[in-house]
Structure formats: structure tokens, C-alpha cells
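Just so we're aligned: 101 in my numbering is position 101 of the first sequence, and the numbers increase by one with no gaps anywhere.
Scroll down for the structure; my scribbles are underneath it.
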Amino acid sequence: MGARGRDSRKLDRGLMRLGPSEQRDAAIRRAVRQIPRGKVATYAQVAAAAGYPRHHRQVVQVLRKSGDALPWQRVVGAGGEIRLRLDAAHEQRTRLEMEGVRFRGKRVAMDEHQHVFRTWEFD
DNA sequence: ATCCTGACCCAAG
DNA sequence: GCTTGGGCCAGGA
């Protein structure tokens, strides 16, 4: 069987063909990588920027899988709230503060650090 | 197929 | 502020 056989996703013109969920996860990873140091975005915003508006929960799964390969600390809950528990939450806050992110109470000062994903390119 | 879980979100009260 | 309920989606058992 050729490239079109049982494992048709194997390759196509030398490129790995991704299934729907893999393509989605890849888009999510790209979006997360776009957040610069000192800025943050919410799970929902990342999902939307990736092109999957209602998949905020999947963003969590992707971050868990990726580990330190992504700047996971830059993704927070709605309103700038940290949603991790205990130690993990503390680590996220520390990492963000280390990047210069300021907090007001328990949440990120979103008016200063909200990353706005670019939707249109200007030329 | 069903049930459960999760680094979620949001409108209500 | 906080709690609750419903909605959302995908993975794993």
C-alpha cells in the first residue's frame, strides 16, 4: 500500500498530514508561542486565536502535554486569574513576575499585560 | 456507547 | 467578592 493506504496520514509529498485534532493542537501551540514575554492571554483567547473559539478546554490539554516546550505560564484564566493549584499556581505566578508581569491581588493586571493577537496583517 | 474529569467560561443570585 | 448551574469539548476508562 502506498501513501494512500491504511496509514494515509503517514506522508504526502514528504509532509506529515495531520488529523483534525493534531492540526487543531498545532494551531493552539502556534498561538501560545506568539505571546511575548511580559504578556498573557486567556485559554479562551488562545483557542480563538488558533481558530477554535469554543475549545478553551483543549488548550489546557495541549499545555499539559507540551510541558516546558511552550511558554505555558503566559496562559491564564479569564480575568487574568491563575487556575493552577497550589505549588503549580505559585510557580506560574513566579515565572510571570520574573518576566515583569504585575499582579493586582490574585490576578494579572490585564490592562497592562493583555496580549492582543493580531488578526489582520497591515502592509 | 456511557461516565467522568479537567490549568475553562459565564451569567445569575 | 463568592457560589452555583449549565454549557462547552476531548480523552481516557
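By construction, the Cβ of each residue, glycine as well, lies at the ideal position given by its N, Cα and C atoms.
Are the CB atoms of residue i and residue j nearer to each other than 8 Å?
i    : j    : result
V76  : I28  : no
A41  : R95  : no
F117 : Q34  : yes
Y43  : V32  : no
L84  : Q92  : yes
P20  : H115 : no
Got a sec? Which residues, its chain only, sit under 8 Å from residue i by beta carbon, not counting five neighbours each side?
i   : result
Y52 : R24, A27, I28 and Q58
Look at the alpha carbon of residue i and the alpha carbon of residue j, and state the distance between them as a whole number of angstroms.
i    : j    : result
K106 : E99  : 17 Å
H55  : E121 : 24 Å
M110 : E22  : 30 Å
I82  : T119 : 26 Å
Check the C-beta distance from residue i over to residue j and give it rounded, since I have them as a contact under 8 Å.
i   : j    : result
G38 : H113 : 6 Å
G80 : V108 : 4 Å
Excluding the five sequence neighbours on either side, which residues of its own chain have a C-beta within less than 6 Å of the C-beta of residue i, listed in chain order?
i   : result
A50 : A27, I28 and A31
A48 : none
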